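Top line first, the protein sequences correspond to chains A and B.
For the first sequence, the positions run 452 to 691 when the working numbering is used.
For the second sequence, the positions run 653 to 891 when the working numbering is used.
Below is one structure, written out as structure tokens; comments come after it.
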Amino acid sequence: MDFVFLYETFVTLISAIPTTLQLAATSVAMGTVLALGLALCRLSGIAPLDWFARAYIFVFRGTPLLVQIFLIYYGLSQFRGVRRSMFWFILRDPYWCAIIALMLCTAAYSAEIIRGGLLSVPHGQVEAGRACGMSRFLVFRRIVMPLAIRQSLPAYSNEIISMVKATSLASIITIMEVTGVAAKLISETYRAIEVFIVAGAIYLAINFVLARIVVLIEYRLSPHLRQAPSLQPVAAGEMK
Amino acid sequence: MTQPSFLDLIGSGPDGWGPALAAGAMMTILIALAGYAIGMVFGALGAWAKIAGGPIARGVAGTYTTVLRGIPDLLVIYLFYFGGSTVISAFGHLFGASGFISFPGFLAGALAVGVTSGAQQTEVFRGAYKAVHTGELEAAIACGMSPFLRFRRIIAPLTLRYALPGMGNVWQIVLKESALVSITGVVELLRQSQIGAGSTGRPFDFYFIAAMIYLAISTLSGALLQFSEKRFTRGVRRG
Chain A
452 MDFVFLYETF VTLISAIPTT LQLAATSVAM GTVLALGLAL CRLSGIAPLD
502 WFARAYIFVF RGTPLLVQIF LIYYGLSQFR GVRRSMFWFI LRDPYWCAII
552 ALMLCTAAYS AEIIRGGLLS VPHGQVEAGR ACGMSRFLVF RRIVMPLAIR
602 QSLPAYSNEI ISMVKATSLA SIITIMEVTG VAAKLISETY RAIEVFIVAG
652 AIYLAINFVL ARIVVLIEYR LSPHLRQAPS LQPVAAGEMK
Chain B
653 MTQPSFLDLI GSGPDGWGPA LAAGAMMTIL IALAGYAIGM VFGALGAWAK
703 IAGGPIARGV AGTYTTVLRG IPDLLVIYLF YFGGSTVISA FGHLFGASGF
753 ISFPGFLAGA LAVGVTSGAQ QTEVFRGAYK AVHTGELEAA IACGMSPFLR
803 FRRIIAPLTL RYALPGMGNV WQIVLKESAL VSITGVVELL RQSQIGAGST
853 GRPFDFYFIA AMIYLAISTL SGALLQFSEK RFTRGVRRG
């Protein structure tokens, strides 16, 4: 094992970590908003909205992410209307194309997770909220949403981790994130195994930290599942 | 010169890419099937190690699933494609060949897809084995079945029955992952679309039809899986 080479690879790859994290964070944040909209469409009971959300989820879950990225990055430039539109400065930039594709894709997967969370809220809770005189929006904001978030967190951490892995596809449209830099190093040095070990360790570390953070949030959000902190026994004579 | 219409592009006429795209789709299915088969082997071995293995086997299987589920598939494909070439070239030098010998892209792709899906398959099989009632195993022992007979008649059929939904999910993931194999130059569906897009200047049309073909394959195989699931759980009482 050539430790000097491993160390140099590590230093080179570290500089690419911010790009990976930015891609993942931006697309997950934007994707969550879109997913919430889709989940609400699915649950709205309005047929056209429901069918739109169903079709969207079906298409984006049934096609490979790489095809979606190519469709947005290479495909849209086929149309003169797109090239002349005001959005062209976004759509010609591989970074934003990658974010848009990742966002659209994660929204389809997250929508089902969020829908499951929303459905898991017991009806009695909603009725209790209504009985207290809360408006529908207030019930959603104070009762349904917090319970749904807590319920869907474990599944959501899987989705976040798979998004971190999916950012590697951005390297195919020239973005130099961790996998992109690793591929460049491999083609320069022909030492695939060493570079793979370092890059793989970086991804594992990122995903491990993210998974721990989600577990921590879940722990904070579910105090009702833990034993209440026991009170100090007080002798009768000391009572005041 | 007039631009060929979308239907001309996907047809089999003089401007048509239909046959080429169909061949690409067949290649995609082949890669996915090969990768899936390799993944089944890895999954079965991994599950066996996790269930019945000693501390070392369990440790190896645990590391395997943790690592392969935590790193991007693309990185694994790079490893097999470039790493395989390095190993083969080194062997070539031993036998007097000179220069760089490239590893076949199909093999690298199928292996990479197989190893990554094997990690998911391990968990699917392990979960399915856990769902088998201990009473059934005890009954088999009470009937005097040997361990092999027990595995063949009781454990394997029941585990496969419980594993079917999870195996279907893994198949869908493998099918979509096979698109990444296009970077090794194997002319599967996505690579064929790239070639078509490059030579006609119609990227949207080609990637759109590629997406539709992927959607069709995954929908059809999904329906097939659902049918087989229904068939193999005929004997199970519902509700």
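Positions of the beta carbon are idealized from the N, C-alpha and C atoms, including for glycine.
All figures in this text were calculated on a predicted structure; none of them were measured in a lab.
Do you know offhand how far residue i's Cα is from residue j's?
i, j, result
"I825(B)", "L812(B)", "19 angstroms"
"H675(A)", "M692(B)", "41 angstroms"
"Y859(B)", "Y507(A)", "17 angstroms"
"M653(B)", "P666(B)", "Here the model assigns M653(B) a pLDDT of 46, short of 50, so the residue's position is not dependable and the matter cannot be decided."
"T715(B)", "I600(A)", "31 angstroms"
"V666(A)", "A791(B)", "41 angstroms"
"M554(A)", "L500(A)", "20 angstroms"
"D660(B)", "G668(B)", "5 angstroms"
"F758(B)", "A656(A)", "30 angstroms"
"A674(B)", "V765(B)", "22 angstroms"
"I668(A)", "F694(B)", "34 angstroms"
"V739(B)", "A475(A)", "34 angstroms"
"C492(A)", "P605(A)", "23 angstroms"
"F594(B)", "G770(B)", "Coverage of chain B is limited to positions 653 through 891, which leaves residue 594(B) absent and any answer about it impossible."
"R903(B)", "M819(B)", "Only positions 653 to 891 of chain B appear in this structure, which leaves residue 903(B) out of reach."
"R566(A)", "L464(A)", "38 angstroms"
"V660(A)", "A686(A)", "45 angstroms"
"G796(B)", "T885(B)", "26 angstroms"
"S851(B)", "Q844(B)", "11 angstroms"
"G853(B)", "L487(A)", "37 angstroms"
"Q602(A)", "G779(B)", "22 angstroms"
"I662(B)", "A704(B)", "52 angstroms"
"G744(B)", "F461(A)", "30 angstroms"
"T514(A)", "Y866(B)", "6 angstroms"
"G870(B)", "A862(B)", "With the sequence shown as reference, residue 870(B) is identified as Ser, and Gly is not the correct amino acid for it. Approximately 12 angstroms between the Cα atoms of the pair."
"Y641(A)", "G631(A)", "15 angstroms"
"I541(A)", "F734(B)", "34 angstroms"
"T680(B)", "V590(A)", "49 angstroms"
"A578(A)", "I564(A)", "Correcting the residue type first, residue 578(A) is Glu in the shown sequence and not Ala. About 23 angstroms."
"T774(B)", "A849(B)", "39 angstroms"
"C548(A)", "P799(B)", "56 angstroms"
"V784(B)", "I807(B)", "7 angstroms"
"S638(A)", "Q655(B)", "39 angstroms"
"K702(B)", "G787(B)", "21 angstroms"
"A552(A)", "L682(B)", "27 angstroms"
"I648(A)", "L832(B)", "20 angstroms"
"S834(B)", "L842(B)", "6 angstroms"
"G748(B)", "L877(B)", "50 angstroms"
"P707(B)", "Q772(B)", "21 angstroms"
"L827(B)", "P597(A)", "36 angstroms"
"A679(A)", "R671(A)", "13 angstroms"
"L789(B)", "S737(B)", "47 angstroms"
"E459(A)", "M585(A)", "60 angstroms"
"W700(B)", "L801(B)", "16 angstroms"
"R592(A)", "I497(A)", "21 angstroms"
"Y781(B)", "L697(B)", "13 angstroms"
"S830(B)", "C583(A)", "54 angstroms"
"F456(A)", "F530(A)", "46 angstroms"
"D453(A)", "F658(B)", "54 angstroms"
Report back the beta-carbon spacing between residue i and residue j to the nearest angstrom; my notes put them in contact at under 8 angstroms.
i, j, result
"A490(A)", "A562(A)", "5 angstroms"
"G580(A)", "I594(A)", "5 angstroms"
"Y730(B)", "A634(A)", "6 angstroms"
"F732(B)", "L763(B)", "5 angstroms"
"P545(A)", "I624(A)", "4 angstroms"
"A558(A)", "L472(A)", "Wrong, their Cβ atoms sit about 19 angstroms apart, outside the cutoff."
"L522(A)", "F856(B)", "7 angstroms"
"A652(A)", "I612(A)", "Contact doesn't hold; Cβ gap of about 15 angstroms is too wide."
"K700(A)", "Y560(A)", "Residue coverage of chain A in this structure runs from 452 to 691, which leaves residue 700(A) outside it and unanswerable."
"V838(B)", "G761(B)", "6 angstroms"
Quick check: the segment 877 to 888 of chain B against the segment 813 to 820 of chain B, are there 3 or more CB pairs under 8 angstroms? yes
Along the segment 522 to 551 of chain A, what residues have a CB closer than 8 angstroms to any CB found in chain B? L522, Y525, G526, L527, S528, Q529, F530
Compile a chain-ordered list of the residues in the segment 624 to 645 of chain A whose CB is closer than 8 angstroms to at least one CB of chain B. T630, A633, A634, I637, S638, Y641, R642, A643, I644
By the 8 angstroms beta-carbon criterion, what residues does the segment 861 to 876 of chain B contribute toward chain A? A862, A863, Y866, L867, S870, T871
Against chain A: residues of the segment 716 to 727 of chain B by CB proximity under 9 angstroms: T718, V719, R721, G722, I723, P724, D725, L726, L727
The segment 725 to 749 of chain B: which residues have C-beta closer than 9 angstroms to a C-beta of chain A, in chain order? D725, L726, L727, V728, Y730, L731, F732, Y733, F734, G735, G736, S737, T738, V739, S741
Scan the segment 832 to 861 of chain B for residues whose Cβ lies nearer than 7 angstroms to a Cβ of chain A and list them as they occur along the chain. L832, I835, L842, A849, R854, P855, F856, Y859, F860
What are the residues of the segment 807 to 831 of chain B that lie near chain A, defined by any Cβ-Cβ distance shorter than 7 angstroms? K828, A831
Residues of the segment 653 to 676 of chain A whose Cβ lies closer than 8 angstroms to any Cβ of chain B, in chain order: Y654, L655, N658, F659
Compile a chain-ordered list of the residues in the segment 493 to 514 of chain A whose CB is closer than 7 angstroms to at least one CB of chain B. V510, G513, T514
Interface residues of the segment 475 to 491 of chain A facing chain B [CB-CB below 7 angstroms]: none
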